[in-house]
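Structure record follows, encoded as structure tokens.
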Amino acid sequence: MSATASPSDSAATVQDQPSASPREQGEPAPAADSEPRYIVAVRTLCDFTARAGDLDLRFTPSPTALEGMAGHATVTSRRPAGYRTEISLSADFGPLRVRGRADGYDPDRRRLEEVKTVRGDAAEVPAHHRHLHWAQAKVYGWLMCQREALDDIEIAVVYFDIVSGRELAETQRFAAQTLRECFEAQCRAFIGWAEQELAHRAGRDLSLDSLAFPHAGFRAGQRELAESVYRTNLSGRCLLAQAPTGIGKTVGTIFPALKAMPKQKIDKLFVLSARSTGRALALEATRGLAAQRDAMPLRVLEMVARDKACEYPGRACHGEACPLARGFHDRLPAARAQAAGRTMLDRAQVREIALAHDICPYYLSQEMARWSDVVVADYNYYFDRTALLHAFALHDGWRVSVLVDEAHQLPERARDMYSAALDQAEFRTLRRQAPADLRRVFDRVGRQWNAVVKNLAGDYRAEAKVPAPLLDAFEGLCAALLERFTERPTEQDPALQRFYFDVLQFCRLAEQIGPHSVFDMTRMPARGAHANVRLGVRNLVPAHFLRPRLAAAHSVSLFSATLAPASYYADMLGLPERWVWHEVPSPFQPDQLRVRVASHISTRFAHRQRSLPDIVELIAAQYREKPGNYLAFFSSHDYLGDALALFTQRHADIPSWSQARGMDEREQADFLEAFQPGGQGVGFAVLGGPFAEGVDLPGDRLIGAFVATLGLPQFNPVNEQLRSRLEDTFGDGYAYAYLYPGLRKVVQAAGRVIRTSEDRGVVYLIDDRFAQPSVRELLPAWWRVETWPSRFVSANIYGP
0 MSATASPSDS AATVQDQPSA SPREQGEPAP AADSEPRYIV AVRTLCDFTA
50 RAGDLDLRFT PSPTALEGMA GHATVTSRRP AGYRTEISLS ADFGPLRVRG
100 RADGYDPDRR RLEEVKTVRG DAAEVPAHHR HLHWAQAKVY GWLMCQREAL
150 DDIEIAVVYF DIVSGRELAE TQRFAAQTLR ECFEAQCRAF IGWAEQELAH
200 RAGRDLSLDS LAFPHAGFRA GQRELAESVY RTNLSGRCLL AQAPTGIGKT
250 VGTIFPALKA MPKQKIDKLF VLSARSTGRA LALEATRGLA AQRDAMPLRV
300 LEMVARDKAC EYPGRACHGE ACPLARGFHD RLPAARAQAA GRTMLDRAQV
350 REIALAHDIC PYYLSQEMAR WSDVVVADYN YYFDRTALLH AFALHDGWRV
400 SVLVDEAHQL PERARDMYSA ALDQAEFRTL RRQAPADLRR VFDRVGRQWN
450 AVVKNLAGDY RAEAKVPAPL LDAFEGLCAA LLERFTERPT EQDPALQRFY
500 FDVLQFCRLA EQIGPHSVFD MTRMPARGAH ANVRLGVRNL VPAHFLRPRL
550 AAAHSVSLFS ATLAPASYYA DMLGLPERWV WHEVPSPFQP DQLRVRVASH
600 ISTRFAHRQR SLPDIVELIA AQYREKPGNY LAFFSSHDYL GDALALFTQR
650 HADIPSWSQA RGMDEREQAD FLEAFQPGGQ GVGFAVLGGP FAEGVDLPGD
700 RLIGAFVATL GLPQFNPVNE QLRSRLEDTF GDGYAYAYLY PGLRKVVQAA
750 GRVIRTSEDR GVVYLIDDRF AQPSVRELLP AWWRVETWPS RFVSANIYGP
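Numbering follows numbering that gives the first Met the number 0, with no gaps: position 142 of the sequence shown is 141.
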């Protein structure tokens, strides 16, 4: 059985149509004191009161929100004239106002329908999910009875299978009085929590009104950034802010966003970052702000990836396999109540509370996202195709403020979120191992895949859409795999299930393909006698997918040290028409940083071996002139390795250490640990890697950097396809695909050197192209760039 992921457990429930009502939970109702003080959505009310039993996340591939809406539209299109859809309903009980939108109502039959889209046999919907669906349907039933003054009503929970197009309806007729009693029982079960949340919200807003900046004063540039973020939140707009490294951007954005929350009635603040280091800084900043008073009524939640939170890796998420899933919903209320009393719910705190109540930490954090004021998480929690926080915001009608740290990384991350790839060698392996009843659909896919291979001349080809026979074959494989998994829910075949989800992602993105994406085929290294062609739906311009996410928020502030030119990021991210650009002037003085262009050296691929002696001697000369800690960046591990080998051969007395391929977090920390205060040596690293940004080495922990590359992405058919599409869309394909991303990495790497107003250092930009005006104008305005004459070679460049 298949169902869509609910925001409350990200698992096996069915797809509710997103609510269009903007203020459905957790806010005091406006108007007179006699009116209800707490507004709650029907879905949230029932999630809170009607869930019971195990957490059961056995194989349940979910319809997407778009598939859910399409399923609702299909069902309603089959209904007779006079059938009403999306009926806004509400009723009051004590301090509560419960409201939502009923899916459909047939006035002639006095029949209310709650439509649930599923993927697979609706008869396999688990009993505890059916219980929740009926709880929602009966609440809507009472709301309709009250509105229409009905004595009784027929209620139908309609399961629509998006694969087969079949409906399965479960119906009952209820007296209005029975439904009223059910509704009031649900409300009584929620009132205590609602009263608590009202008190929390009032206390939170009062505290935020009096919140003070946590330091004695603002750093240079920090106040200007804070004011810009504050105005953005007041006006409900989208801000793109470029602010130098080292001014304290994290606290300089979180503080004003919190201050704006009471005035704009903002429910949640989402602080999103691409790296764990960025999230750690956000937690540190909020911890400092919350420390202004004891037991400050502000809940800050850290959300981490499932594999980092799981206590039983490799076990399935259901009560028969995992003890923390057994009875999860029965023990959740006590854990939720304890968590609600904490200010900082970082990973360790969530784990401590969850294990004290014998429930899963990962799914406790998902539940607490509903009841937290600040959520610190990775980009994917809001921007991904099935993003939890975005789903919450839609379903519960939250007004949210979004802060996007390191926003220069969002275009590439978003491309990955909305791309999918399938490997032919993996497919062949699975086909050989597939059960006999699946051979026919596997063979059909194999034939269509081979047909694509025959049409591939060369190593790469891109087309506007996936060939229909191939897509049909994949859809047939998905249907067959779904049926098998549904019939054998206890069988575990991780490789086959993983491939199923990969194919499903491929098919879903193929259905949405447009000018923003391409279908491409890439010839990979052959395995044995067989060709190996990877198929992909590759996103090129993420704006199409990100634009609705940005529009759904009350305000969005995207900030980074490298967001120039602004038009590039506005185009790639899909910023709304009224977006605001703000560049914070650098607080650093030109004499703090010497920027030298070694224009006598070419680091082009064809010249790399000839460049090595010059680069090595330049690094050594600077080190001997001023010993200290330096970072040297190269375009690839191979280039780095060759430079390091020559450097250690010629200058063995100079300490050096190097980034290695595939370093884990501990190894990365050891690399950075070598940069001790007062230390001396040269660290060799790859540009664009973990040491080229997000690394803070103030003072004499780092006094200089060498960037031996322009940072341009590799010239290959994929990037040439990107260049061509960006040329067609925006008119400057080379700059959009190569130059802007490359120079961004260079500036980020150079930004490791000057972190405070007391820092002094030097940066060498090693390539003749850094002397070109078109490149120079993309470097920070406060840099005083000088051309560094050759000391080591007689020629200025390596040939033409």
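Even glycine gets a Cβ: it sits at the ideal position worked out from N, Cα and C.
Helix, strand or coil at R815 [DSSP, three-state]:
This structure cannot speak to residue 815, because the chain is shown only from 0 to 799.
So for D266, helix, strand or coil by DSSP?
Here DSSP, grouped into helix, strand and coil, assigns D266 to coil.
How far does the beta strand (DSSP E) with A530 in it extend, from its first residue to its last?
529–538
Flag D383 as yes if its beta-carbon sits less than 8 Å from any beta-carbon of chain C, otherwise no.
Protein chains in the displayed structure number just one, and chain C is not present.
Which of helix, strand or coil does DSSP assign to D758?
coil
Once the 5 residues before and after Y311 are set aside, which same chain residues still bring their CB inside 6 Å of it?
So the list reads C321, once near-sequence residues are dropped.
Near S227, which residues of its chain fall below 7 Å by C-beta distance, leaving aside the five closest residues on each side in sequence?
L238, A240, H581
Assign A256 to one of two classes, buried (16 or more other C-beta atoms within 10 Å of its C-beta) or exposed (fewer than that).
Buried: at least 16 other Cβ atoms inside 10 Å.
Exposure of K258, with buried meaning 16 or more beta-carbon neighbours within 10 Å
buried
Residue of C506, R507, H543, R497 minimising C-alpha distance to P514
H543
From this set, D293, G340, C316, A339, which residue's C-alpha is nearest I358's C-alpha?
C316
Return helix, strand or coil for E123, following the three-state DSSP convention.
helix
Rounded separation between S554 and R398 - CA only
9 Å
Would you mind listing the beta strand (DSSP E) stretches within the segment 560–642 that are 3+ residues and don't spill past its ends, in chain order?
Taking only runs of at least 3 residues, the beta strand (DSSP E) segments lying wholly in the segment 560–642 are 579–582, 592–596, 628–633.
For L429 and L495, which I take to be in contact (beta-carbon distance under 8 Å), what is that distance rounded to the nearest angstrom?
Yes, L429 and L495 are in contact; Cβ-Cβ is about 6 Å, under 8 Å.
Quick check on DSSP: helix, strand or coil for A31?
For A31, the pLDDT reaches just 41, beneath the cut-off of 50, and the residue's location in the model is therefore unreliable, although a value from the coordinates is still provided. Of the three classes helix, strand and coil, the one that applies to A31 here is coil, per DSSP.
Give every residue of the same chain whose Cβ lies closer than 7 Å to the Cβ of E26, excluding the five residues on either side of it in the sequence, and list them in chain order.
For E26, the predicted structure reports a pLDDT of 46, less than 50, and the residue's modelled location is therefore unreliable. The matter cannot be settled from this model.
Inspect the beta-carbon positions of S89 and R77 and report whether they are closer than 8 Å.
no
What three-state label does DSSP hand I152 in the structure shown?
strand
What three-state label does DSSP hand T249 in the structure shown?
helix
Please confirm whether Q135 and R42 have their CB atoms less than 8 Å apart.
Cβ distance < 8 Å, so Q135 and R42 count as in contact.
Hey, quick one: how far does the beta strand (DSSP E) through C237 stretch, first residue to last?
237–241
I need the straight-line Cα distance from A684 to D652, nearest angstrom please.
D652 has its alpha-carbon roughly 20 Å from the corresponding atom of A684.
Pick from Y567, R438, Y378, S601 that is closest to M302, judged by C-alpha positions
Y378
Report the rounded CA-to-CA distance for T252 versus E405, giving the unit in angstroms.
12 Å
Same chain, Cβ closer than 7 Å to A122, neighbours up to 5 away in sequence not counted
L167
Distance between beta carbons of Y638 and V681, contact taken as under 8 Å:
Contact doesn't hold; Cβ gap of about 15 Å is too wide.
Is it a yes or a no for the segment 685–703 touching the segment 752–769, going by three-plus beta-carbon pairs under 8 Å?
yes
Can you check which of these residues, L671, R609, G678, Q679, is closest to A691 by C-alpha distance?
L671
Here's the rule: buried if 16 or more other CB atoms are within 10 angstroms of the residue's CB, otherwise exposed. What is L44?
buried
DSSP three-state label for D105, please.
strand
Grab the span of the alpha helix (DSSP H) containing I352 for me, first residue to last.
346–355
Pair within 8 Å by beta-carbon distance, M295 and S206
Cβ distance < 8 Å, so M295 and S206 count as in contact.
Around the C-beta of T485, are 16 or more other C-beta atoms found within 10 angstroms, so that it is buried, or is it exposed?
buried
Rounded C-alpha distance that separates L574 from P564:
About 14 Å.
Could you tell me if D659 is buried or exposed, where buried requires 16 or more neighbouring beta carbons within 10 angstroms of its beta carbon?
Before going further, note that residue 659 is Ala rather than Asp in the sequence given. Classification for A659: exposed.
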